[in-house]
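*Asks:* If you scroll down you'll find the structure; I have some questions about it.
So, in structure tokens, the structure goes:
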């Protein structure tokens, strides 16, 4: 395969993983924008979504669409219950305290996943069959289209939500000015809840859609979450377009460095990016500094 | 609820007595080895207590420093360096890592540091696993030489008991001193109100970096002792779950006082025994306990004890400083 | 000084001579606290400079400004909630003490001796404001008037050359206000220059050697208390707005 073909291959792979990071990043962004803290549960939803879908379709034989819906519902339910029990605004938690609580939640999720689904990595069959599509020299798994397409669909849905619905505008108001929002009658409590559950759903969808390409294992939640967080910071924490852009960029950066520099420390690249970012541009690549 | 130390000299004395007493009681019993581990954890958790209790920062990846300390010490002693020097190197290196990470991150909001420590933890894990030429990868490193001070080689549970508990005692003592000192009080001020602290002439970022580096160095010290005690280390011992357990120990023991580190370490040793029948559920249970402690017991069990003590004795405890200089509290 | 297009202070310029009490008044929103924040480097000015003892300190960081000897109190009392009255004041001595983390950890004799001296000095500051009975109380348990005095004691512990007081009498009753006035008047004798923001005109007139008047971010008058009271523009500025006086 020529150099161009190889590059294209790497780019496709980068876009694919980048889409997942973007989805996770959207979840982080939503919670941070509305409620002001970082939820370390974000990565766990990806894992839970994937594992539930796998368990329902592979072990219980349910049809895939049903399994997927149930997985998203299940993860959202987990998020909803968790939020009501521990993070409701009545408790008046500082952002640090909330973060710590979500850390505990992440381990509860991880522990539960281990007990219910076991320690072995599991997988799903590709949605459109295993035969990849070829564009000249470049071979692309069909699942990649599903993944990138899902990102596009969710991004569009979010855009429509914020631009066209009352709830969406209310949520944006919350993130811009909490006091002002409250004065206008917006229920911050409800907004916090909705954003938390929505981010769980988005995470679960990401988990379901990546499962056919990667094996899903109970203990990957934190790592996935951190990468999504890095993507969110890359694009400017609190910006939805930034989250998407950051995710894509991170995926490409990882893919390119893994292919052309070293594949062994692929994960380390992302973390190094984070540290460098926080050092020089904590506001993201095009955000205001700080 | 105020977190202050109540006549620390008495508590330190009690601690010393307890250390001696436990040895006399359990000498020869398998529980001694559990207590050695407890001492090592206490050293590491003291660092976390100082970081969180004194300065309000959270480190979610402290096992990374623990691991760096362990591997540094192991590698150096295997190469022939005397263990004391290796420990010193471990402390210096982890302290340096702490400072390096701290400088950029401590200028930002607290949650950036917390997530960055988690990221650091994951990097470290992947380096420990991936850098096989040096760390021998996931299969771990064996045959680590025992600890030695000068010519005295430390062998046997009893010897390690005394080694680790003397070091732990010194760390607690140091922590108590720091809490009541000029820097400790400045850190507490920073925790309440950074801007007001700066208005007093306190260089907030510098102090935050210092305390973070200190807490990292303490973890490195613990790691060094750990490596020589267990003689076999592998990367999985220093992963996110280990960090989580250390943080749980600190929160549960109580971040309001260095003595909380002792309680936390003992609980960490005891909890697996309690959870044994539910072994598979250990992580889940830890997560739930963690959440409960964060929400309902912010000063941990040590805080609970301090609180009940105050209520039983009625009235106020002397402030930390009155206790130090021996002045009695003036009137009500 | 402009915030994103809103001009908070425009061409405000004045000198505070050493050893005097200088007052700063103006209707709400005139820019007084902004001025304090610029001086203490909490925010950098968009133009202009701050000179302290002929040294340009514009753009320094807040802790460096404090280290040079400028102390302040805050409009909404910012005490250290986790610490006692005595501990709060002792933190105020930070800038002229030197024990580092290691000496603290190891309880070196020099650090211990220094802390004894610091404690004595803190008790003196508390004596000065009349709070020495309360040294072991939690700072946040104090009633508001005493919290203001505590903040003053803490600022004095810094051994400041210049003390910025941001509405020290706000929220105090008549007796407490008198006491604050007494304390302020005794400061120049201790070598401390004072810049005072106050809405309580009686207090201001009784302590200030000279007063600067701000309105909408612009200096509209400067002079002695009598001159200000007779200044037409000042009167208009106050009567034109609803004022607390």
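Chains as they are written, first to last, in this note's numbering: chain A, -5 to 284; chain B, -3 to 328; chain C, 959 to 1203.
Glycine included, every Cβ here is placed at the ideal spot set by N, Cα and C.
This structure is a prediction, so every number in the text was calculated from the model and none was measured.
1) Can you check whether the CB of residue 186 of chain A is closer than 8 Å to the CB of residue 19 of chain A?
2) Is residue 27 of chain A closer than 8 Å to residue 169 of chain A when the C-beta atoms are compared?
3) From residue 43 of chain B to residue 24 of chain A, what does the alpha carbon distance come to, in whole angstroms?
4) Can you list, in chain order, the residues of its chain with a C-beta nearer than 7 Å to that of residue 183 of chain B? Leave out the 5 residues immediately preceding and following it.
5) Scan the region 97 to 113 of chain B for residues whose Cβ lies nearer than 8 Å to a Cβ of chain A and list them as they occur along the chain.
6) Going by the C-beta, is residue 1096 of chain C closer than 7 Å to any heavy atom of the ligand MN?
7) Do residue 286 of chain B and residue 98 of chain A have their CB atoms nearer than 8 Å?
8) For residue 1191 of chain C, is the classification buried or exposed, using 16 other Cβ atoms within 10 angstroms of its Cβ as the cut-off for buried?
9) Work out the CA separation of residue 34 of chain A and residue 107 of chain A for me, nearest whole Å.
10) If we ignore side chains and look at the alpha-carbon of each, how far apart do residue 246 of chain B and residue 86 of chain A end up?
11) In the region 167 to 218 of chain B, which residue ranges form an unbroken alpha helix (DSSP H) of at least 4 residues, counting only runs that do not cross its ends?
12) What number of angstroms, rounded off, separates the C-alpha of residue 1033 of chain C from the C-alpha of residue 14 of chain B?
13) I want to verify the contact list: residues of chain B whose CB lies under 7 Å from the CB of residue 1010 of chain C, in sequence order.
14) Grab me the residues of residue 268 of chain A's own chain with a C-beta within less than 6 Å of its C-beta, minus the 5 sequence neighbours each way, in chain order.
15) Measuring alpha carbon to alpha carbon, tell me which residue in B:173, B:79, B:273 and B:283 is nearest residue 4 of chain B.
16) Residue 6 of chain B versus chain A: which residues are under 9 Å apart at the beta carbon?
17) Does the Cβ of residue 270 of chain A have 16 or more other Cβ atoms within 10 Å, making it buried, or fewer, making it exposed?
18) With which residues is residue 128 of chain A paired in a DSSP beta bridge?
19) Select from B:83, B:102 and B:152 the residue whose C-alpha is nearest the C-alpha of residue 32 of chain B.
20) What are the start and end residues of each continuous alpha helix (DSSP H) run of 4 or more residues lying completely inside the region 82 to 158 of chain A, in chain order?
21) Using the beta-carbon count (16 or more within 10 Å), is residue 87 of chain B buried or exposed?
22) Identify whether residue 1029 of chain C lies in helix, strand or coil by the three-state DSSP scheme.
23) Which runs of the alpha helix (DSSP H), 4 residues or longer, sit entirely within the region 248 to 301 of chain B?
24) Taking Cβ positions, are residue 163 of chain B and residue 39 of chain B nearer each other than 8 Å?
25) Throw me the rounded Cβ distance for the residue 981 of chain C and residue 1002 of chain C pair, which I believe falls under 8 Å.
26) Would residue 1020 of chain C pass as a contact of residue 195 of chain B if the rule is Cβ separation under 8 Å?
27) By the 7 Å beta-carbon criterion, what residues does the region 150 to 175 of chain B contribute toward chain C?
28) Among residues of its own chain, excluding the 5 on either side of residue 22 of chain B, which ones have a beta-carbon nearer than 8 Å to its beta-carbon?
29) Starting from the Cα of residue 62 of chain B, find the closest Cα among B:272, B:274, B:218 and B:190 and give me that residue.
30) Can you pull the DSSP bridge partners for residue 1013 of chain C?
31) Please report the distance separating the alpha-carbon of residue 1141 of chain C from that of residue 1181 of chain C.
32) Does DSSP classify residue 995 of chain C as helix, strand or coil?
33) Bridge partners of residue 982 of chain C, per DSSP?
34) So is residue 328 of chain B buried or exposed if we call it buried at 16+ other beta carbons inside 10 Å?
35) Would you please verify whether the beta carbon of residue 1038 of chain C is less than 8 Å from any beta carbon of chain B?
36) What's the call for residue 1194 of chain C, buried or exposed, on a 16-neighbour Cβ count within 10 Å?
*Replies:* Based on what the coordinates show:
1) In the first chain, counting from the first residue as 1, residue 19 of chain A sits at position 25. In the first chain, counting from the first residue as 1, residue 186 of chain A sits at position 192. Cβ distance not < 8 Å, so residue 19 of chain A and residue 186 of chain A don't count as in contact.
2) If you number the first chain from 1, residue 169 of chain A lands on position 175. If you number the first chain from 1, residue 27 of chain A lands on position 33. Yes, Cβ-Cβ distance for residue 169 of chain A and residue 27 of chain A is below 8 Å.
3) Position 47 of the second chain, counting from 1, holds the residue named residue 43 of chain B. Position 30 of the first chain, counting from 1, holds the residue named residue 24 of chain A. Cα to Cα, the separation comes out at about 34 Å.
4) Within the second chain, residue 183 of chain B is the residue found at index 187, counting from 1. Contacts found: 50, 51, 203 and 207.
5) 97, 100, 101, 104, 105, 106, 107, 108, 110, 111 and 112
6) Among the components modelled here there is no ligand, and therefore nothing to report on the ligand MN.
7) For the purposes of this step, residue 286 of chain B is taken as residue 290 along the second chain, with counting starting at 1. For the purposes of this step, residue 98 of chain A is taken as residue 104 along the first chain, with counting starting at 1. Closer than 8 Å, so yes.
8) Looking up residue 1191 of chain C in the third chain gives position 233. The residue is exposed, with fewer than 16 neighbouring Cβ atoms inside 10 Å.
9) Walking along the first chain from the start, residue 107 of chain A turns up at place 113. Walking along the first chain from the start, residue 34 of chain A turns up at place 40. Residue 107 of chain A and residue 34 of chain A: Cα-Cα distance of roughly 16 Å.
10) Mapped onto the second chain, residue 246 of chain B falls at position 250. Mapped onto the first chain, residue 86 of chain A falls at position 92. Those two C-alpha atoms are separated by around 23 Å.
11) 178 to 188 and 190 to 195
12) Here the question's residue 1033 of chain C lines up with position 75 in the third chain. Here the question's residue 14 of chain B lines up with position 18 in the second chain. Residue 1033 of chain C and residue 14 of chain B: Cα-Cα distance of roughly 50 Å.
13) In the third chain, the residue the question calls residue 1010 of chain C occupies position 52. Neighbours of residue 1010 of chain C in chain B, taken as residues at a C-beta separation under 7 Å, are lacking, since the least C-beta distance is about 14 Å.
14) Translated into positions along the first chain, residue 268 of chain A becomes position 274. Within the same chain, Cβ atoms closer than 6 Å to the Cβ of residue 268 of chain A are found at 224, the five residues on either side in sequence being excluded.
15) Position 8 of the second chain, counted from the start, is the residue given in the question as residue 4 of chain B. For residue 4 of chain B, the nearest C-alpha among the options comes from B:173.
16) For the purposes of this step, residue 6 of chain B is identified with residue 10 of the second chain, where counting begins at 1. Listed by position along chain A, the residues whose Cβ is nearer than 9 Å to that of residue 6 of chain B form an empty set, because the closest Cβ is around 32 Å away.
17) By one-based count along the first chain, residue 270 of chain A stands at place 276. Exposed.
18) Within the first chain, numbered from 1, the residue matching residue 128 of chain A stands at position 134. In DSSP, residue 128 of chain A forms a bridge with A:133.
19) Here residue 32 of chain B refers to the residue found at position 36 when the second chain is read from its first residue. Looking at the Cα atoms, B:152 is the closest of the given residues.
20) 89 to 111 and 136 to 158
21) For the purposes of this step, residue 87 of chain B is taken as residue 91 along the second chain, with counting starting at 1. Counting Cβ neighbours within 10 Å, residue 87 of chain B comes out buried, since at least 16 surround it.
22) Within the third chain, residue 1029 of chain C is the residue found at index 71, counting from 1. Reduced to three states, the DSSP call for residue 1029 of chain C is strand.
23) 255 to 271 and 278 to 292
24) Taking the second chain and counting its residues from 1, one reaches residue 163 of chain B at position 167. Taking the second chain and counting its residues from 1, one reaches residue 39 of chain B at position 43. Against a cut-off of 8 Å, the Cβ pair of residue 39 of chain B and residue 163 of chain B comes out as a contact.
25) Here residue 981 of chain C is taken as the residue at index 23 of the third chain, counted from 1. Here residue 1002 of chain C is taken as the residue at index 44 of the third chain, counted from 1. So it is not a contact: roughly 25 Å between Cβ atoms.
26) Your numbering for residue 1020 of chain C matches position 62 in the third chain. Your numbering for residue 195 of chain B matches position 199 in the second chain. A contact, by the Cβ cut-off of 8 Å.
27) 170, 173 and 174
28) The sequence position of residue 22 of chain B within the second chain is 26, counting from 1. Same-chain partners within the cutoff: 28 and 31.
29) In the second chain, counting from the first residue as 1, residue 62 of chain B sits at position 66. Nearest of B:272, B:274, B:218 and B:190 to residue 62 of chain B, Cα basis: B:218.
30) Counting from one through the third chain, the residue named residue 1013 of chain C turns up at place 55. BP columns for residue 1013 of chain C point to C:1010.
31) On the third chain, residue 1141 of chain C is found 183 positions in, with the first residue counted as 1. On the third chain, residue 1181 of chain C is found 223 positions in, with the first residue counted as 1. So the alpha carbons of these two residues sit roughly 23 Å apart.
32) In the third chain, residue 995 of chain C corresponds to position 37, counting from 1. When secondary structure is reduced to three states using DSSP, residue 995 of chain C falls in the helix class.
33) Residue numbering aside, residue 982 of chain C sits at position 24 when the third chain is read from its first letter. Answer is C:1155 and C:1170, bridged to residue 982 of chain C.
34) In the second chain, residue 328 of chain B corresponds to position 332, counting from 1. For residue 328 of chain B, the predicted model reports a pLDDT of 31, less than 50, meaning its position is unreliable and no value from the coordinates is stated.
35) Stepping through the third chain from its first residue, residue 1038 of chain C is reached at position 80. It does; some Cβ of chain B falls within 8 Å.
36) For the purposes of this step, residue 1194 of chain C is identified with residue 236 of the third chain, where counting begins at 1. Residue 1194 of chain C is exposed by the Cβ-count criterion.
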